[in-house]
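The structure under discussion appears below in the form of structure tokens.
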Amino acid sequence: MCQLLTTLIFVAIAIFHLPTKKYIATHPGLSIVAIIITFGTLIALACCDDLRRKTPTNFILLCIFTVAESFLVAVSVTRYYPDQVLMALGLTTLICFGLTIFALQTKVDFTVMGGFLMIAALILLVGSIVAIFFPGKLMTLIIASAGAIIFSLYLIYDTQMMMGGDHKYSISPEEYIFAALNLYVDIINIFMYILAIIGASSDD
Numbered sequence: 108m109c110q111l112l113t114t115l116i117f118v119a120i121a122i123f124h125l126p127t128k129k130y131i132a133t134h135p136g137l138s139i140v141a142i143i144i145t146f147g148t149l150i151a152l153a154c155c156d157d158l159r160r161k162t163p164t165n166f167i168l169l170c171i172f173t174v175a176e177s178f179l180v181a182v183s184v185t186r187y188y189p190d191q192v193l194m195a196l197g198l199t200t201l202i203c204f205g206l207t208i209f210a211l212q213t214k215v216d217f218t219v220m221g222g223f224l225m226i227a228a229l230i231l232l233v234g235s236i237v238a239i240f241f242p243g244k245l246m247t248l249i250i251a252s253a254g255a256i257i258f259s260l261y262l263i264y265d266t267q268m269m270m271g272g273d274h275k276y277s278i279s280p281e282e283y284i285f286a287a288l289n290l291y292v293d294i295i296n297i298f299m300y301i302l303a304i305i306g307a308s309s310d311d
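Take 108 as the starting number for the sequence shown in the working numbering and just add one per residue.
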């Protein structure tokens with residue numbers, strides 16, 4: 108919740124505070140630094156067991172990742188109109204709430220879908236790279252729709268992994284920071300893909 112609140116504050120400042128919006132636009136180097144920090148902390152938490160299980164190191168890395176990712180999201184939303192961003196926020200809230208309830212109630216075990224979701228994410232990555240060379244609204248809609256679906260499934264998967272219980276796979280209680288990271292990344296990606304769909308669907 109604190110991660111999402113942090114991102115929401117960054118986004119609100121970026122779209123409603125004009126001086127900040129102009130500053131972001133004229134200082135692209137900040138985005139590069141944020142990207143490096145985001146990937147650095149993400150790799151550290153994902154690949155180093157000791158780092159993501161050791162307190163307070165894991166918490167500090169999560170906070171650093173959250174701030175850097177929130178800045179990148181804020182930079183991204185400046186390309187859209189405020190009403191589009193607000194619509195995406197509303198839809199993301201409803202979708203994530205519904206998916207979480209579904210993950211808690213369904214008898215279907217999504218924790219066995221890890222391999223499938225990883226392959227789907229890799230295909231999405233390749234498709235996103237291809238889309239760079241073939242820009243257009245249709246391509247954006249295809250990639251964004253696929254991304255929203257994939258990360259919606261990831262949200263269900265990560266929620267059930269965190270729950271444990273009767274599911275085949277689960278995350279160790281020591282991995283609570285990593286679980287929080289996964290859920291945060293899922294929700295942010297759902298938001299960004301929904302925003303891309305709204306933007307591509309616009310007549311402007």
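Where is the CB? At the ideal position from N, CA and C, for every residue including glycine. Remember, predicted model here, so these are calculated numbers, not experimental data.
Beta-carbon proximity check, residue i vs residue j, cutoff 8 Å
i: residue 111; j: residue 300; result: no
i: residue 229; j: residue 264; result: no
i: residue 304; j: residue 199; result: no
i: residue 227; j: residue 257; result: yes
i: residue 121; j: residue 145; result: no
i: residue 182; j: residue 302; result: no
i: residue 253; j: residue 297; result: no
i: residue 141; j: residue 178; result: yes
i: residue 172; j: residue 262; result: no
i: residue 234; j: residue 208; result: no
i: residue 316; j: residue 266; result: The structure shown does not extend to residue 316, since the chain is modelled only from 108 through 311, so no value can be given for it.
i: residue 248; j: residue 307; result: yes
i: residue 215; j: residue 114; result: no
i: residue 189; j: residue 240; result: no
Where residue i falls, given that 16 or more other Cβ within 10 Å makes a residue buried
i: residue 236; result: exposed
i: residue 203; result: buried
i: residue 217; result: buried
i: residue 130; result: exposed
Residue nearest to residue i in terms of C-alpha spacing, selected from the options
i: residue 201; options: 259, 269 and 278; result: 259
i: residue 126; options: 156, 185, 220 and 222; result: 185
i: residue 170; options: 154, 149 and 157; result: 149
i: residue 160; options: 279, 240 and 309; result: 279
i: residue 213; options: 108, 128 and 270; result: 270
On the three-pair Cβ rule with 8 Å, is the stretch 281-288 touching the stretch 164-178? yes
Which runs of the alpha helix (DSSP H) at least 4 residues long sit entirely within the stretch 118-172? Give them in chain order. 125-133, 136-154 and 156-160
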